[in-house]
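Residues 5 to 188 (my numbering) make up the sequence shown, in order. Ideal Cβ placement from N, Cα and C applies to all residues, glycine included. Remarks on the structure that follows.
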Amino acid sequence: MGRRRRSRTTSTRSHGNTGKPFDAVQSKAMSDAGGPYLFDVGVIALAHTETPVRDAALSYVRDGVAGEIDAVVPYPALFGAHTVLTTYYGQSNEEASRLLRNFMDAKRIHWYDRMPESVVSGGLQNARTENIDGWDGYYAQVAIEEGVNTVLTIDDDFERFDAFATEVILSSAEFEKLNRFLGR
């Protein structure tokens, strides 16, 4: 199926949101399928947190913002990320809105701004046939319509699709660290 295949590459990244050039070395996994990449809600939200595992998401988001990778982001994903930031990560509405508004200013991201009936219908069909939530069905349909090669995510729901690869950006150890951070 659309299971991820990981290879290791070395990139330079900064730790924390310093606004400075990427200066710390971090190893990052990239799907062998390559881009374009669709950023799922969880990746967007995680990149905008202060969690100990955020660099896994932040490196992709920074690469997309810089135009180093071809990134596709449906505008509705920002509302989902806002909900995740305020509900699970404890950010204020004001802070989450500010961070996501800044992200929205990224000009090198391909912002998917349509919601035609065919995509909505396809998303609901995906949700029904793959037994996933409606939003994931919608994001999968956007990935298919936009010719995305890899969906970047923090869960495995997208692995059910053959039309694209799925890159789960957190390892099992990173998930455990995130859950401890969130008090789960």
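Over what stretch of residues does the alpha helix (DSSP H) that includes residue i continue unbroken?
i: Y143; result: G138 to E149
i: V69; result: D59 to A70
i: Q129; result: E121 to E134
i: A100; result: N97 to M108
i: R184; result: S176 to F185
Taking the alpha-carbon positions, what's the residue i to residue j distance?
i: D44; j: N97; result: 20 Å
i: S122; j: P40; result: 21 Å
i: E178; j: A49; result: 16 Å
i: E149; j: S125; result: 12 Å
i: I158; j: A169; result: 13 Å
i: T55; j: L82; result: 19 Å
i: H52; j: S175; result: 19 Å
i: H86; j: L104; result: 7 Å
i: R184; j: A131; result: 30 Å
i: H114; j: E134; result: 26 Å
i: A147; j: T154; result: 8 Å
i: L89; j: D74; result: 24 Å
i: V77; j: E99; result: 20 Å
i: A180; j: V57; result: Looking at the sequence itself, residue 180 is Glu, so the reference to Ala does not match. Between E180 and V57, the C-alpha separation is close to 10 Å.
i: G71; j: D137; result: 30 Å
i: L182; j: R188; result: 9 Å
i: L62; j: P120; result: 30 Å
Count the other CB atoms, across all protein chains shown, that sit within 10 Å of the CB of residue i; report buried if there are 16 or more and exposed otherwise.
i: Q129; result: exposed
i: E171; result: buried
i: Y79; result: exposed
i: R10; result: Any answer about R10 is weak, because its pLDDT of 36 lies below 50 and its placement is not dependable; what the coordinates show is given next. Looking at its Cβ environment, which holds fewer than 16 other Cβ atoms inside 10 Å, R10 is exposed.
i: F162; result: buried
i: R112; result: exposed
i: D59; result: buried
i: L186; result: exposed
i: T91; result: exposed
i: D67; result: buried
i: D160; result: exposed
i: D140; result: buried
Give me the DSSP bridge partner(s) of residue i.
i: F43; result: L156
i: Y116; result: P78
i: T170; result: V155
If residue i sits next to residue j, beta carbons under 8 Å apart, how far is it from one beta carbon to the other, in whole angstroms?
i: V69; j: L156; result: 14 Å between Cβ atoms; not a contact.
i: Y142; j: G127; result: 3 Å
Just checking: is the beta-carbon of residue i within a distance shorter than 9 Å of some beta-carbon in chain D?
i: E178; result: Included in the structure is just one protein chain, with no chain D present.
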